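Asker: As numbered in my numbering, residues 28 to 122 make up the sequence shown, in order.
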Amino acid sequence: MSKLTSNLIRILKITNKRGLHARASAKFVKCVERYDAEITVSKDGHVVGGTSIMGLMMLAASTGCDIHLSATGKDSDAALDALQALIDDKFGEGE
């Protein structure tokens with residue numbers, strides 16, 4: 028299977044105090060848009076596009092929730108690495 032059609036998946040835990048709220052969702056989308064990759068995010072069976080702030084907020088991913096990221100495209104690995112770093116850094120919120 029080529030790198031262009033492979034589907035990479037990561038499960039990440041939301042650790043910032045406010046969860047995937049508006050500002051965090053905006054940072055998530057901004058990060059996704061830097062890469063040549065299509066990202067989908069799912070939680071509890073609900074799937075949204077990684078470039079939809081409203082969709083991400085509708086997941087209601089609070090502190091301690093696991094979200095599933097799926098990526099396809101040339102920059103899939105790099106996009107998932109960047110998103111993992113963003114989430115691990117608590118979206119730059121410090122708490």
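Beta carbons are placed, not taken as given, at the ideal position from N, Cα and C, and that holds for glycine.
As the structure is a computational prediction, the values presented were derived from the model and not from experiment.
Straight-line CA distance for A49 to V56?
Answerer: 11 Å
Asker: Is the Cβ-Cβ distance between L110 and G119 less than 9 Å?
Answerer: Annotated as distal: L110 and G119, with beta-carbon spacing of 9 Å or more.
Asker: In the DSSP assignment, what are the bridge partners of G76?
Answerer: T67
Asker: In terms of alpha-carbon separation, which member of Y62, C58, G46 lies closest to K101?
Answerer: Y62
Asker: Terminal residues of the continuous alpha helix (DSSP H) containing S52?
Answerer: 49-59
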